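Asker:
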Amino acid sequence: MNARALWCAAPSRAELRDADIGTGVLVDTLYSGISRGTERLVFEGRVPASEAARMRAPAQEGDFTFPVKYGYCAVGRAREGAHSGRDVFALHPHQTQFRMPAEMLTPLPDGLPPARAILGANMETALNILWDGAAAPGDRIAVIGAGVIGALAGYLAARIPGTDVTLVDINPGRAALAGRMGCDFAAPDDAPDGCDLVIHATASGTGLATALGCAGQDAAVVEASWHGAGDTSVPLGGAFHSRRLRLISSQVGHLPPARAPRWSYGRRMAKALDLLCDPALDALISGETAFDDLPGAYGDILGDPATLCHRITYSRS
């Protein structure tokens, strides 16, 4: 069977093409996930030229100037090697079949369905955010933006003993999601203040302003968004200076310095998958599309603000 992959052929245009399956262990794809924030920037051609090298995905082909094959949330069944017959997670684009080096495949833990494991890269990002923010027991924590990354960061933060975690979003429909994650919910106008830690995940200037307003004296604000090309207004007037706030950039491509001596990327991904074994996290899968139908649906999925993680299914017939 010939492999096929989704390519962004030009800004806002996707198509299926025959694919080079690469080298390494052969994997038949079962599911892949659309990471809406990053994939939308790629699809619309909004990746800054200065970041093109740093933001390449491990199995990416082509360039951000188009055409490009991009994605990093694939789950499949290994057909050979040490993992033969096991379901594995890989940082691979949307493709029916592929090969990757064995060390880049992470077996799913017992109790994690492959249909949910597409959240692996998102949970890895959320874990890195909590590490960068040094969330601690008893902290009052606000997460601005209840998309997949914000919701997962809130989910993890809410499981630290004694924390008081609020998800803040402009969409009141995300209140139910916040409850599933174990968090309180607030609209931006009702966001808590005096927080020990604030996590910003909206990729917008208004969201960042809300985040700064939530932070208490000497608190940290973790910027977890990738804003892509263009400028974002950062309101550093007002009380930012007098409250001695710290703005911390979190990016999953690097382990936090305090963790790097002991944690590898492989250990972090294995832990992220372990953390996905809770069925409550199925609430983050907002829709499903067959791979063959993906080119026509891709733009609408990325453009819909209600999209969380959208699951792609692959036929093995």
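Take 720 as the starting number for the sequence shown in the working numbering and just add one per residue.
Cβ coordinates follow ideal geometry from the N, Cα and C atoms, glycine included.
In this text, all values refer to a predicted model and were calculated from it rather than measured experimentally.
Our contact map puts Gly-1018 next to Phe-762 with C-beta atoms below 8 Å; I'd like the distance itself, whole angstroms only.
Answerer: That belief holds up - the Cβ atoms of Gly-1018 and Phe-762 are roughly 7 Å apart, short of 8 Å.
Asker: Suppose you measure from the CA of Ala-922 to the CA of Thr-1026; what does that come to, to the nearest Å?
Answerer: One Cα belongs to Ala-922, the other to Thr-1026, and the distance between them is close to 15 Å.
Asker: For Ala-853, which of Ala-1002, Ser-968 and Leu-1013 has the nearest alpha-carbon?
Answerer: Ser-968
Asker: Tell me, which residues are paired with Met-819 by DSSP?
Answerer: Residue pairing from DSSP places Met-819 in a beta bridge opposite Val-744.
Asker: Please confirm whether Ile-860 and Val-884 have their CB atoms less than 7 Å apart.
Answerer: yes
Asker: Can you tell me whether Thr-757 is buried or exposed, with buried defined as 16 or more other CB within 10 angstroms of its CB?
Answerer: That one is buried.
Asker: Just to confirm, are Val-887 and Ala-905 a CB contact at a threshold of 7 Å?
Answerer: yes
Asker: Give me the Cα-Cα distance between Arg-878 and Leu-995, rounded to the nearest whole angstrom.
Answerer: 13 Å
Asker: Taking the alpha-carbon positions, what's the Ala-855 to Glu-734 distance?
Answerer: 46 Å
Asker: When the Cα of His-811 is compared with those of Ala-989, Ala-778 and Tyr-1033, which residue comes out closest?
Answerer: Distance from the Cα of His-811 is smallest, within the candidate group Ala-989, Ala-778 and Tyr-1033, for Ala-778.
Asker: Please classify His-960: is it buried, with 16 or more other beta-carbons within 10 angstroms of its beta-carbon, or exposed?
Answerer: Exposed.
Asker: Return the chain-ordered ranges of every beta strand (DSSP E) run that is complete within the segment 810-864 and spans a minimum of 3 residues.
Answerer: 816-819 and 859-863
Asker: From the DSSP output, which residues share a beta bridge with Leu-1038?
Answerer: This structure leaves residue 1038 out entirely; the chain is present only between 720 and 1036.
Asker: In whole angstroms, give me the CA-to-CA distance for Asp-915 and Gly-857.
Answerer: 9 Å
Asker: Below 6 Å CB to CB, which residues in the same chain sit around Leu-745 once its five sequence neighbours on both sides are set aside?
Answerer: Arg-798, Glu-799 and Arg-818
Asker: So, with DSSP's three-state summary, where would you put Thr-951?
Answerer: coil
Asker: Measure the CB-CB distance between Ala-999 and Arg-899 and report whether it falls below 7 Å.
Answerer: yes
Asker: May I have the straight-line CA-CA distance separating Cys-933 from Leu-849, to the nearest angstrom?
Answerer: 17 Å
Asker: On the three-state DSSP scale, how would you describe Gly-866?
Answerer: coil
Asker: Ile-740 CB to nearest chain D CB: under 7 Å?
Answerer: Going by chain labels, chain D is absent from the structure shown, which holds only one protein chain.
Asker: Could you pull the DSSP bridge partners for Glu-734 from this structure?
Answerer: Partner(s): Trp-726.
Asker: Put Phe-762 into one of helix, strand or coil per three-state DSSP.
Answerer: In the structure shown, Phe-762 sits in a helix (DSSP, three-state: H, G or I).
Asker: On a CA-only basis, which of Gly-781, Met-823, Arg-736 and Arg-765 is nearest Gly-743? Give me that one, please.
Answerer: Met-823
Asker: Measuring straight from C-alpha to C-alpha, what distance separates Arg-755 and Asp-937?
Answerer: 33 Å
Asker: Thr-1008 by DSSP, collapsed to three states: which one?
Answerer: If DSSP states are grouped into helix, strand and coil, Thr-1008 belongs with the strands.
Asker: Between the Cα of Ala-768 and those of Ile-753, Thr-784 and Arg-759, spot the shortest distance and give me the residue it belongs to.
Answerer: Thr-784
Asker: Ignore the nearest five residues each way along the sequence and tell me which others in Leu-846's own chain have a CB closer than 8 Å to its CB.
Answerer: Leu-875, Arg-987, Lys-990, Ala-991 and Leu-994
Asker: What residue range is occupied by the uninterrupted beta strand (DSSP E) comprising Asp-883?
Answerer: 883-887
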